[in-house]
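Novice:
As structure tokens, then:
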């Protein structure tokens, strides 16, 4: 009986290894049900706290781990007193427009809907950006939909000199952009994939449908 | 039996503990800190962009769009350059509050947390990012 149980548990562990933490409670409970508790056994050691697992896909991050307070986020030092004085992100993000990527805030919509009003000038709270409403279409050679680059949401956060001319030459056809360059942190990748929304969100940029190609 | 199971679970659970869930775009700056015996700095982009647009720091104050690319010393900050433009006790806390900025785990490498280059590009040494000195910047040929 015992050998069978060991084999069974080993098989379970092999199959569910990465998800094992979430099921830890269940399996221990099941084990307790099947094996009679022997009197005089030392009490089970206190279990190490583990992060919960996303029920949809165990490889994805669980919602409860989004936006943790600084002492629990893994890069702040919990041994540092100042860490505990810093504002936890969730406290600030309450009313913001949510998204499914990055730090789970849709910053462009949050700004457009007036949930935040970050200063355009360090000292003058009334300074307003010069928003340029100019869309640029980039025809993509591959099978992905073409890219529509809107100046408007960009110029609400940035000024022209941030991108022109060091990153992009302001002239049609003068900028060679590739996904490889973006992934390595060049061109759009200077911000996208670091601070602005990540490059996993293909269709946010590749948003224009291609025209059907006819054979005639 | 139960204790065997618990042991197995704990062993499997260990690699997951200690994984960083910090905010996307949190920057760890460790140009000089560790060498000077200080904790590295954590710069939370989210906190700052709630209050200021990108342009304020990246155009007016001259911060380059590159983690570790801004070689600021405490002297610069105290003189009102870089972070010191606001962190002067008037707009934000003054530089004498060392541990509010120098709050990262000791010896953490310069990085943008959650960035493509951190999550997709395989580190050259095969070591986890936090154990590396500084990942060499990859160059893309035009």
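Chains as they are written, first to last, in this note's numbering: chain A, 1 to 216; chain B, 1 to 142. Ideal Cβ placement from N, Cα and C applies to all residues, glycine included. Quantities reported herein were computed from a predicted structural model and do not represent experimental measurements.
#1: Do the region 156 to 163 of chain A and the region 48 to 61 of chain B make contact, defined as three or more Cβ pairs closer than 8 angstroms?
#2: Helix, strand or coil for residue 26 of chain B, going by three-state DSSP, please let me know.
#3: Quick one: residues in its chain with C-beta nearer than 7 angstroms to the C-beta of residue 45 of chain B, no 5 flanking neighbours on either side, listed in chain order?
#4: Is there at least one Cβ from chain B nearer than 7 angstroms to residue 113 of chain A's Cβ?
#5: Using a Cβ-Cβ cut-off of less than 8 angstroms, give me the residues of the region 140 to 158 of chain A that come near chain B, in sequence order.
#6: If we require 3 or more residues per run, which beta strand (DSSP E) segments fall completely within the region 114 to 188 of chain A?
#7: In angstroms with no decimal places, state the Cα-to-Cα distance between residue 95 of chain B and residue 88 of chain B.
#8: Under 7 angstroms between C-beta atoms, does residue 41 of chain B make it to chain A?
#9: Check distances from the C-beta atoms of the region 74 to 94 of chain A to those of chain B and list, in chain order, the residues that come in under 9 angstroms.
#10: Skipping 5 residues on each side, what residues in its chain have a beta carbon closer than 6 angstroms to that of residue 209 of chain A?
#11: Residue 82 of chain B versus chain A: which residues are under 8 angstroms apart at the beta carbon?
#12: Closest to residue 143 of chain B by CA distance: which of B:33, B:23, B:84 and B:75 is it?
#13: Does residue 23 of chain A come out as helix, strand or coil in the three-state DSSP assignment?
#14: If you measure from the beta carbon of residue 194 of chain A to each beta carbon in chain B, is any gap under 7 angstroms?
#15: Mark residue 89 of chain A as exposed unless 16 or more other C-beta atoms lie within 10 angstroms of its C-beta, in which case mark it buried.
#16: Looking only at its own chain, which residues have a Cβ that is under 7 angstroms from the Cβ of residue 169 of chain A, when we skip the five neighbours before and after it?
#17: So residue 106 of chain B contacts chain A; which residues on that side make the cut at Cβ distance below 8 angstroms?
#18: Going by beta-carbon coordinates alone, are residue 92 of chain A and residue 115 of chain A separated by less than 7 angstroms?
#19: Three-state secondary structure (DSSP) at residue 52 of chain B?
#20: Please name the residue, chosen from A:132, A:211 and A:87, that lies closest to residue 143 of chain A on a Cα-to-Cα basis.
#21: For residue 61 of chain A and residue 207 of chain A, what's the separation of their Cα atoms in angstroms?
#22: Taking the beta carbon of residue 80 of chain B as the centre, do at least 16 other beta carbons fall within 10 Å, making it buried, or is it exposed?
#23: Measuring only between beta-carbons, confirm whether residue 103 of chain B sits less than 7 angstroms from chain A.
#24: For residue 200 of chain A, which residues from the same chain have a beta carbon less than 8 angstroms from its beta carbon, with the 5 sequence-adjacent residues on both sides left out?
#25: Taking residue 180 of chain A as the reference, give the member of A:192, A:122 and A:73 with the closest Cα.
#26: Could you tell me whether the Cβ atoms of residue 183 of chain A and residue 116 of chain B are closer together than 7 angstroms?
#27: Select from B:30, B:77, B:86 and B:71 the residue whose C-alpha is nearest the C-alpha of residue 124 of chain A.
#28: Check this for me: beta carbons of residue 74 of chain A and residue 20 of chain B, under 7 angstroms apart or not?
#29: Please report the straight-line C-alpha distance between residue 110 of chain B and residue 135 of chain A, rounded to a whole angstrom.
#30: Is residue 177 of chain A close to chain B? Criterion is C-beta to C-beta, closer than 7 angstroms.
#31: Using the Cβ count rule (16 or more neighbours within 10 Å means buried), how would you classify residue 69 of chain B?
#32: Quick one: grab the DSSP three-state call for residue 61 of chain B.
#33: Whole angstroms are fine: how far does the CA of residue 117 of chain A sit from the CA of residue 87 of chain A?
#34: Verify whether the separation of the beta carbon atoms of residue 162 of chain A and residue 67 of chain B is less than 7 angstroms.
#35: Please report the straight-line C-alpha distance between residue 204 of chain A and residue 36 of chain B, rounded to a whole angstrom.
#36: Taking 6 angstroms as the cut-off, is the CB of residue 179 of chain A close to at least one heavy atom of the ligand NAD?
Specialist: Well, looking at it:
#1: yes
#2: To locate residue 26 of chain B, count along the second chain from 1; it is residue 26. Residue 26 of chain B: strand per DSSP, three-state reduction.
#3: In the second chain, residue 45 of chain B corresponds to position 45, counting from 1. Closer than 7 angstroms at the Cβ level, and outside the excluded window around residue 45 of chain B, lie 25, 26 and 27.
#4: By 1-based counting over the first chain, the position of residue 113 of chain A is 113. It does not: the Cβ of residue 113 of chain A has no partner Cβ on chain B nearer than 7 angstroms.
#5: Listed in sequence order: 156, 157 and 158.
#6: 135 to 138 and 147 to 150
#7: By one-based count along the second chain, residue 95 of chain B stands at place 95. By one-based count along the second chain, residue 88 of chain B stands at place 88. Computed Cα separation, rounded: 7 angstroms.
#8: Locating residue 41 of chain B in the second chain gives position 41, counting from the first residue. Answer no: the Cβ-Cβ gap between residue 41 of chain B and chain A never drops below 7 angstroms.
#9: 74, 75, 76, 77, 78, 79, 80, 81, 82, 83, 85, 86, 87, 89, 92 and 93
#10: For the purposes of this step, residue 209 of chain A is identified with residue 209 of the first chain, where counting begins at 1. 145, listed in sequence order.
#11: What you label residue 82 of chain B is simply residue 82 of the second chain in a count that begins at 1. None at all; the shortest Cβ gap to chain A is about 12 angstroms.
#12: Any property of residue 143 of chain B remains undetermined from this structure, which presents chain B solely from 1 to 142.
#13: Indexing the first chain from 1 puts residue 23 of chain A at position 23. The pLDDT assigned to residue 23 of chain A is 44, lower than 50, so where the model puts this residue is not dependable, and the model offers no usable value.
#14: Position 194 of the first chain, counting from 1, holds the residue named residue 194 of chain A. True, the Cβ-Cβ gap to chain B drops below 7 angstroms.
#15: Translated into the one-based positions of the first chain, residue 89 of chain A becomes position 89. Here residue 89 of chain A is buried, its C-beta having at least 16 other C-beta atoms within 10 Å.
#16: Position 169 of the first chain, counted from the start, is the residue given in the question as residue 169 of chain A. Contacts found: 175.
#17: To locate residue 106 of chain B, count along the second chain from 1; it is residue 106. Those are 77, listed as they occur along chain A.
#18: Within the first chain, residue 92 of chain A is the residue found at index 92, counting from 1. Within the first chain, residue 115 of chain A is the residue found at index 115, counting from 1. Going by C-beta atoms, residue 92 of chain A is not nearer than 7 angstroms to residue 115 of chain A.
#19: Here residue 52 of chain B corresponds to residue number 52 of the second chain, with the count starting at 1. Correct three-state label for residue 52 of chain B: strand.
#20: Walking along the first chain from the start, residue 143 of chain A turns up at place 143. If we check each option's Cα against that of residue 143 of chain A, A:211 comes out closest.
#21: As a working mapping, residue 61 of chain A is identified with position 61 in the first chain. As a working mapping, residue 207 of chain A is identified with position 207 in the first chain. Each residue's alpha carbon lies about 27 angstroms from the other.
#22: Position 80 of the second chain, counting from 1, holds the residue named residue 80 of chain B. By the neighbour-count rule (16 or more Cβ atoms within 10 Å), residue 80 of chain B is not buried but exposed.
#23: The sequence position of residue 103 of chain B within the second chain is 103, counting from 1. Under the Cβ distance rule, residue 103 of chain B counts among the residues neighbouring chain A, one pair being separated by less than 7 angstroms.
#24: Numbered from 1 along the first chain, position 200 holds the residue referred to as residue 200 of chain A. So the qualifying residues of the chain are 101.
#25: Position 180 of the first chain, counted from the first residue, corresponds to residue 180 of chain A. Checked all of A:192, A:122 and A:73; the closest Cα to residue 180 of chain A is A:192.
#26: Translated into the one-based positions of the first chain, residue 183 of chain A becomes position 183. Translated into the one-based positions of the second chain, residue 116 of chain B becomes position 116. Yes. Within cutoff.
#27: In the first chain, residue 124 of chain A corresponds to position 124, counting from 1. Closest option to residue 124 of chain A, Cα to Cα, is B:86.
#28: The count along the first chain starts at 1 and reaches residue 74 of chain A at position 74. The count along the second chain starts at 1 and reaches residue 20 of chain B at position 20. Against a cut-off of 7 angstroms, the Cβ pair of residue 20 of chain B and residue 74 of chain A comes out as a contact.
#29: Numbered from 1 along the second chain, position 110 holds the residue referred to as residue 110 of chain B. Numbered from 1 along the first chain, position 135 holds the residue referred to as residue 135 of chain A. Rounded to the nearest whole angstrom, the C-alpha separation of residue 110 of chain B and residue 135 of chain A is 35 angstroms.
#30: Start at 1 with the first residue of the first chain, and residue 177 of chain A comes out as number 177. For residue 177 of chain A, the answer is no, since every Cβ of chain B falls outside 7 angstroms of its Cβ.
#31: In the second chain, the residue the question calls residue 69 of chain B occupies position 69. Result: exposed.
#32: Along the second chain, one-based indexing puts residue 61 of chain B at 61. Residue state, collapsed to three classes: coil.
#33: The residue you call residue 87 of chain A lines up with position 87 of the first chain. The residue you call residue 117 of chain A lines up with position 117 of the first chain. The alpha-carbon atoms of residue 87 of chain A and residue 117 of chain A are separated by roughly 18 angstroms.
#34: Locating residue 162 of chain A in the first chain gives position 162, where the first residue counts as 1. Locating residue 67 of chain B in the second chain gives position 67, where the first residue counts as 1. Cβ atoms of residue 162 of chain A and residue 67 of chain B: not closer than 7 angstroms.
#35: Residue numbering aside, residue 204 of chain A sits at position 204 when the first chain is read from its first letter. Residue numbering aside, residue 36 of chain B sits at position 36 when the second chain is read from its first letter. Between residue 204 of chain A and residue 36 of chain B, the C-alpha separation is close to 43 angstroms.
#36: In terms of ligand content, the structure shown is empty, and the ligand NAD therefore cannot be addressed.
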